[in-house]
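**Q**
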Amino acid sequence: MTILFNLNPLLVLVSIPLIFALLILLLKHRYILFISQLFTLLLTAYIWHSFSAINNNSNIISFPWISDFNINFSLTLDNLSLCMISLTTIVTFFSSIFLINEKNHHQNFKTIKNPHIYIMLLLLCQSSLYLTFLASDIFLFYFSWEITLLPIIFLLLIWGGEKRTQTALKLFLYTLCGSLCMLFALIFILVSYYKTTHTISFDYLTIKDFLSNTSLSTSSTNTYFWCFLAITFSFLIKIPAVPFHGWQADSYEQLPIHGSIYLSALLAKMGTYGLLRYSANLFKSENNYNNYNYEIFIIIGIISIIYGGIVALKQTDIKKFIAYSSISHSGFIIVGVFSLSNIATTGAIYQMFNHAIYALTMFLIAYHFIIHFHSSNTSNFPDGLASKVPIFSIIFFITMLSSLAIPGTNNFVGEFMILLGTSSKSFYFCALAASGVIVSAIYSLNFYKNLMFASNTNSTTSASTHTIKDLTALQAIFFTVIILLIILIGVFPNNFLYKFNV
Amino acid sequence: MTILPSQSYPFFMILALITLTALSQLILIPTFQKRSYQISFILSLLPLFLSALILIKTSTFNLPHSLITVDHLSITSIASIILFSILSILTLWKNEKQDNILPEVYPLILFSLIGAIFLVSSNNLLMIFIALETISFPVYIMVALKKNCKASIEASLKYFILGGAASATFLYGTSLIFGISSTLDLKDLAHSPFINSNLLIIIGLILIISSTIFKIGAAPFQAWVADVYQGSSLPIVSYMSSVIKFSSLIVLLRIFEVILNQEWAKYYILALATLSIIIGNLLALIQKDFKRLFAFSSIAHSGYILLAFACLSILSKSSILFYIFIYAISSIGIFAILTQLSNNNYQFPISSLRGIGFERPFLGIALTLFIFSLSGIPLTAGFIAKFYLFSSMITELPIAIIIIALLFSILSLCYYFKVVISIYSTSTNNLTKTNNNNLTNNSSYAFIVTIISFLITIAIGIYPPLSSF
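If you read the protein sequences in the order shown, they are chains A and B. If you count the first sequence from 1, you need to add 595 to reach the numbering used here. If you count the second sequence from 1, you need to add 420 to reach the numbering used here.
1. Which of the three DSSP states is assigned to N482 of chain B in this structure?
2. Alpha carbon to alpha carbon, what distance is there between A499 of chain B and A472 of chain B?
3. Among the residues of its own chain, which have a CB less than 7 angstroms from the CB of L1083 of chain A, if the five just before and after it don't count?
4. Can you look up N544 of chain B in the DSSP assignment and give me helix, strand or coil?
5. Comparing C-alpha positions only, which one of A:L744, A:W643, A:N972, A:G903 sits nearest to T911 of chain A?
6. Taking the C-alpha atoms as reference points, what is the distance between F557 of chain B and I509 of chain B?
7. Please decide whether T904 of chain B counts as near chain A, where near means a Cβ-Cβ distance under 7 angstroms.
8. When you compare each of A:I661, A:I611, A:K765 to I747 of chain A by their alpha carbons, which one comes out closest?
9. Check whether chain B comes within 7 angstroms of T770 of chain A, counting only Cβ atoms and requiring the distance to be less than that.
10. For Y724 of chain B, which option in B:I434, B:A825, B:L680, B:S733 has the closest C-alpha, if you only look at C-alpha atoms?
11. Spell out whether any CB of chain A is found under 7 angstroms from the CB atom of F835 of chain B.
12. Helix, strand or coil, according to DSSP, for K864 of chain A in the structure here?
13. Could you tell me the alpha carbon to alpha carbon distance between S739 of chain A and L745 of chain A, rounded to whole angstroms?
14. Distance, Cα to Cα, L690 of chain B vs L591 of chain B?
15. Let me see if you follow: with CB-CB separation under 7 angstroms, is T760 of chain A close to chain B or not?
16. Which residues, in chain order, does the segment 790-801 of chain A contribute to contact with chain B at a C-beta distance below 8 angstroms?
17. Quick one: list the residues of chain B neighbouring V609 of chain A, beta-carbon separation under 9 angstroms, in chain order.
18. Assuming A616 of chain A and L719 of chain A are in contact, meaning their beta carbons sit under 8 angstroms apart, how far apart are those beta carbons, in whole angstroms?
19. Ordered along the chain, which non-local residues of its own chain (more than five positions away) have a Cβ less than 7 angstroms from that of I561 of chain B?
20. Counting along the chain, where does the beta strand (DSSP E) carrying P835 of chain A start and finish?
21. By the criterion of Cβ-Cβ separation under 8 angstroms, what are the contact partners of I814 of chain B in chain A?
22. Check the DSSP bridge columns for S657 of chain A and list the partner residues they point to.
23. Starting from T762 of chain A, follow the alpha helix (DSSP H) in both directions and report where the run begins and ends.
24. At a Cβ threshold of 7 angstroms, is I742 of chain A touching chain B?
25. Could you tell me the alpha carbon to alpha carbon distance between I1081 of chain A and I1072 of chain A, rounded to whole angstroms?
26. Does the segment 721-735 of chain A come close enough to the segment 859-870 of chain A to have 3 or more Cβ pairs within less than 8 angstroms?
27. Less than 8 angstroms between C-beta atoms, sequence neighbours within five positions excluded: which residues of the same chain meet that for T1099 of chain A?
28. Can you name, in chain order, every residue of its own chain whose Cβ lies under 8 angstroms from the Cβ of V645 of chain B, other than the five neighbours on each side?
29. Please go through the segment 895-955 of chain A and give each complete beta strand (DSSP E) segment of 3 or more residues, from N-terminal end onward.
30. Check whether the segment 692-701 of chain B touches the segment 648-668 of chain B, taking contact to mean three or more Cβ pairs, one atom from each stretch, closer than 8 angstroms.
31. When we look at the beta-carbon of Y883 of chain B and count the other beta-carbons within 10 Å, is it buried (16 or more) or exposed?
32. The alpha helix (DSSP H) spanning H624 of chain A covers which residue range?
33. Counting only beta-carbon atoms, is P612 of chain A nearer than 7 angstroms to chain B?
34. Output the distance between the C-alpha atoms of L552 of chain B and A536 of chain B, rounded to the nearest integer angstrom.
35. Can you pull the DSSP bridge partners for N972 of chain A?
36. Check whether the Cβ of I882 of chain B lies closer than 7 angstroms to any Cβ atom in chain A.
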């Protein structure tokens, strides 16, 4: 019984989705998903509430896993992890409530086959996300980082759209290409740690100390620089940043709705989380700032901001629009991470949170269109939607405002902090990144105008056979909660910031 | 005449048991023609299960001249080999009739197994030679056992001729070594003063290594692999790619212990390994037939293992063992699934896998998992094996070779995932559907094999028992 009371909340958090994944296989009832989300939400609220940055025992849990290699199953909760797990919980909670409401939630509008396996995959994905964000053992991190992808791949392969196989190949090759590079780099670092100290350790902090000590000598810095590049490369693919974004738009389009939400709101955050924790922190020491050429990554971030925005301007498919605007938003996070100032880093964490909520809301909005028009291509939508669905269009508009970082919305706070932090490093970078705010205003408002107000001259008659209904009361409440979250974070940032402050 | 030490009794009991049941089958099969398949099946599994029990009692011992040296490595290997054989025989059941294979295939497997057991428990070159022949001859026949099939007879002939050449090479190398150092014992050879300097000994060793690498199936001695895999029945391929590969690698391990510090050996094996990785992966990429794809990918896997040989240490020794064990389990699982999917066990185009993931969900997921295991993705044992293997050698190797290994393992993802994609694409041809109907009732043992390999792959992937290797 004492064990029951001494359960570590982190361990419970990781294992709740796993337990419910088993349960759903046995009971085959989709409300189990809802119950599991309720549990994780309550538990996350408890963890959020009881968290304090001072080390206490509930923040760390560790027990041996592969003892021959001194690999531990160790979870550590710090500010960054706290932010990531609460983000995971919120996104999974809202997307699962949506699953409960909708009976017909397949992208191709057939009734979904094997819903319990679908739900099981979602729960497994959730659990491995928690693991990824909490892991303080490098092996455990890589392990969970990889297995998070597997449920998504299966979601895509089994429940995906028409072009699912080609898309899956792209997604798989892109991400695993990065992961293999990361694996080799991590193995290299760990083995060189073993060669110098003759002890095996996979602990994050130990390796961090090791790296900051050995990078004093220039000869080894060079090889570690390649490791750094390989690891960062892997994260940039996952986010994705611009030259590596080939997999993204198609995957968002082909995945079933929950897969898209998980992939954009959560899996992409694994990339930014990795940038913060590994690229920017693991290799960080006073004397190698200049060696590691962080400027290159700021430039990649800026290119992502502007390129993503310009491409988003041209999109007529709503899911692809979300994909490219996500690239633009994630560019800010990359800039924030590599600016290496405290305020920009906090802003980057904040922005991760904001983008996750943005992606969640946008996909749910896209989903509302899709179930009514059976297509995500906006050129098939009828004219003047705003007058037909007033409540829905208001919610859509507020989301768009938050996307373009109007003061009072969450994105404003994040982007402002990132720009402030960057300006202390370089004025030009700051100016270039700030131009992204303008681009985002153009593409967001333009997209909204075309979709909701414009008279679509090319709209075919077939589209008019489908009519759109406004939100039901339940859905309206549901969206209002998310909108409230957006505004609350935007108006009272301090209530959230003090937890994120690193 | 020395008397056998008492520790060796369990070991010889295993051998006697397997030999006797194999011989008795040869008598029983013609006697009970109607029930010959059932009798051989039971008489093959029974001694293997008994040997597995006896193996628990087996302890290490040594015979003079290292004719038979049973150490911990041998016991682990014998246990693995017996496990692989049991799984292969279970896969074979009911498929042999369907493929028109004679019931003699069961005693042949047992005879080959005896060779494998000798092979992993000897340090004497002559003994190794005899054991290699004992393994190979039954396999030459097993490949050709299908009645009236030209492809399998061709494959068998090819394998036989090349294998014969490899054996001759081995014997020639042995004679060179014996001529110079007048010892056949590998341990004595390691302390021999000639080993570092004498050119003939080095040539002899190179010949021996090459011949063993032929059995493993690595470049440039890989010409037989694809044809033989294609020409043989699936369960027999499963036997070949597990037992024969495993035991040949153990021999290579023993030979390499002798020449651990030789520079030439390192470079020779590095060259072969790199060549295998490149050739195997590139050729696998263009294959349309799953069995050929698997054959070439197995060449690539041999390449990764050989890389670890190039920087042999205690750590890499156990990592090699672990890797090949996981590889064998995955391949057994894959072939067990394939036998359930098709009643043509010879041609297996990748497109025939289409739609399996929807029609037979468990088989689809299991096949995907084994393929992930081969490509080294977490949650499967293959990832742990790959991690272990690479961590044992990554700092020892030249950076160029690491980059080649990295690039080609990315390349390997392409063809592995091509298979996964066909599993989950909507089926256009009804080839598999019609096959499924015939096979639903008679593939139960292959299904059990699938489940066992599946569980092993997942369990080791999550909680790897590395210390037992």
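Ideal placement from N, C-alpha and C gives every residue a C-beta, glycine not left out.
**A** Reading from the atomic positions:
1. By 1-based counting over the second sequence, the position of residue 482 of chain B is 62. Three-state result, N482 of chain B: strand.
2. The sequence position of residue 472 of chain B within the second sequence is 52, counting from 1. The sequence position of residue 499 of chain B within the second sequence is 79, counting from 1. Between A472 of chain B and A499 of chain B, the C-alpha separation is close to 7 angstroms.
3. As a position in the first sequence, residue 1083 of chain A is number 488, starting the count at 1. Excluding residues within five positions, none has a Cβ falling inside 7 angstroms.
4. By 1-based counting over the second sequence, the position of residue 544 of chain B is 124. If DSSP states are grouped into helix, strand and coil, N544 of chain B belongs with the strands.
5. Working through the first sequence from its first residue, we reach residue 911 of chain A at position 316. Nearest C-alpha to T911 of chain A: A:N972.
6. Numbered from its first residue, the second sequence carries residue 557 of chain B at position 137. Numbered from its first residue, the second sequence carries residue 509 of chain B at position 89. The straight-line gap from Cα to Cα measures roughly 18 angstroms.
7. Beyond the ends of chain B as shown, which are 421 and 889, falls residue 904 of chain B; an answer cannot be given.
8. Residue mapping note: residue 747 of chain A aligns to position 152 of the first sequence, counting from 1. If we check each option's Cα against that of I747 of chain A, A:K765 comes out closest.
9. Along the first sequence, read from residue 1 onward, the residue named residue 770 of chain A stands at position 175. No, T770 of chain A does not count as interfacial toward chain B.
10. As a position in the second sequence, residue 724 of chain B is number 304, starting the count at 1. It is B:A825.
11. Residue mapping note: residue 835 of chain B aligns to position 415 of the second sequence, counting from 1. Reading off the sequence shown, one finds Tyr at residue 835 of chain B, where the question assumed Phe. It does not: the Cβ of Y835 of chain B has no partner Cβ on chain A nearer than 7 angstroms.
12. Residue numbering aside, residue 864 of chain A sits at position 269 when the first sequence is read from its first letter. In this structure, K864 of chain A counts as helix in the three-state DSSP scheme.
13. Taking the first sequence and counting its residues from 1, one reaches residue 739 of chain A at position 144. Taking the first sequence and counting its residues from 1, one reaches residue 745 of chain A at position 150. Roughly 10 angstroms separates the two Cα atoms.
14. Counting from 1 along the second sequence, the entry for residue 690 of chain B is found at position 270. Counting from 1 along the second sequence, the entry for residue 591 of chain B is found at position 171. If you take the alpha carbons of L690 of chain B and L591 of chain B, they lie about 24 angstroms apart.
15. In the first sequence, residue 760 of chain A corresponds to position 165, counting from 1. Judged by the 7 angstroms Cβ criterion, T760 of chain A is in contact with chain B.
16. K790
17. On the first sequence, residue 609 of chain A is found 14 positions in, with the first residue counted as 1. Those do not exist, as V609 of chain A stays about 14 angstroms from chain B at its closest Cβ, beyond 9 angstroms.
18. Residue mapping note: residue 616 of chain A aligns to position 21 of the first sequence, counting from 1. Residue mapping note: residue 719 of chain A aligns to position 124 of the first sequence, counting from 1. Sure, about 5 angstroms apart at Cβ, within 8 angstroms.
19. On the second sequence, residue 561 of chain B is found 141 positions in, with the first residue counted as 1. Same-chain partners within the cutoff: L528.
20. As a first step, residue 835 of chain A is located in the first sequence; it is residue number 240 there, counting from the start. That residue, P835 of chain A, is in no beta strand (DSSP E); it is neither H nor E in DSSP.
21. If you number the second sequence from 1, residue 814 of chain B lands on position 394. Chain-order list of chain A residues neighbouring I814 of chain B: F779, I782, F783, V786, by C-beta distance under 8 angstroms.
22. For this step, residue 657 of chain A is matched to residue 62 along the first sequence. According to DSSP, which records beta bridges pairwise, S657 of chain A is partnered with A:S669.
23. Indexing the first sequence from 1 puts residue 762 of chain A at position 167. First-last of the alpha helix (DSSP H) with T762 of chain A: 759-792.
24. Here residue 742 of chain A refers to the residue found at position 147 when the first sequence is read from its first residue. Chain B contact via Cβ: present.
25. As a first step, residue 1081 of chain A is located in the first sequence; it is residue number 486 there, counting from the start. As a first step, residue 1072 of chain A is located in the first sequence; it is residue number 477 there, counting from the start. Distance from the CA of I1081 of chain A to the CA of I1072 of chain A, rounded to the nearest whole angstrom, comes to 14 angstroms.
26. yes
27. Because chain A is modelled from 596 through 1097, residue 1099 of chain A falls outside the range shown and cannot be assessed.
28. Residue numbering aside, residue 645 of chain B sits at position 225 when the second sequence is read from its first letter. Within the same chain, V645 of chain B has close Cβ partners G637, A715, F716, S718, I719.
29. none
30. no
31. Taking the second sequence and counting its residues from 1, the one referred to as residue 883 of chain B is at position 463. By the Cβ neighbour-count rule, Y883 of chain B is exposed, with fewer than 16 other Cβ atoms within 10 Å of its own.
32. Translated into the one-based positions of the first sequence, residue 624 of chain A becomes position 29. From DSSP, H624 of chain A is part of no alpha helix (DSSP H); its letter is neither H nor E.
33. The sequence position of residue 612 of chain A within the first sequence is 17, counting from 1. No, no contact with chain B.
34. Taking the first residue of the second sequence as position 1, residue 552 of chain B is located at position 132. Taking the first residue of the second sequence as position 1, residue 536 of chain B is located at position 116. Computed Cα separation, rounded: 7 angstroms.
35. Along the first sequence, one-based indexing puts residue 972 of chain A at 377. In the DSSP output, where bridge partners are listed per residue, N972 of chain A has A:D912.
36. Counting from 1 along the second sequence, the entry for residue 882 of chain B is found at position 462. No - not a single Cβ of chain A is within 7 angstroms of the one on I882 of chain B.
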